[in-house]
Amino acid sequence: MVPLVSIRLKVGPKGQIVIPKVFREAYGIKEGGEVIVEPGESELVIKRVLDTEERLKKPREYHKKRRGKRPAKLGELKGISLEDEFDEVWGIEDEAVH
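Residues -15 to 82 (this note's numbering) are what the sequence shown spells out, left to right.
Right under this line is the structure:
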């Protein structure tokens, strides 16, 4: 993923940084909210924590879409990649690891 913009931040004496207001507003990070920090080989990725309603949105949409449909029968799934189906349903994209 290529960053759209980069901002250099100073790290405080306790290792703290301030996420600029423009980013907090754009990504819905509120005061007192939580973020997830994921370490990479040479980077840290900061992600906002989704609230319960946001986390349940996709499963609810999928369940609503599937409501009333019969389950697949043996042989009907031949040639279908369940991993691709899962990724498509849950909106997961392939991301290159840096």
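For glycine and all other residues, C-beta sits at the position ideal for the given N, C-alpha and C.
Per-residue DSSP class, three states only, for residue i
i      : result
L34    : coil
E45    : helix
L66    : helix
A56    : coil
L40    : helix
V(-11) : coil
V6     : helix
R(-5)  : One point to set straight first is that residue -5 is Val, not Arg, in the sequence displayed. In this structure, V(-5) counts as coil in the three-state DSSP scheme.
E15    : coil
R139   : Any property of residue 139 remains undetermined from this structure, which presents the chain solely from -15 to 82.
Anticipated Cβ contact below 8 Å, residue i with residue j, distance rounded
i   : j     : result
V29 : E22   : 4 Å
V6  : Y46   : Actually they are not in contact, since the Cβ atoms of V6 and Y46 sit about 33 Å apart, beyond 8 Å.
P4  : I(-9) : 6 Å
For residue i: DSSP bridge partner residues
i   : result
E22 : V29
Beta-carbon proximity list for residue i, same chain, < 8 Å, skipping 5 on both sides
i     : result
K(-6) : I1
K48   : none
Residues of its chain near residue i, where Cβ-Cβ distance is below 7 Å and the 5 sequence neighbours each way are ignored
i   : result
Y11 : R32
I20 : K31, V33
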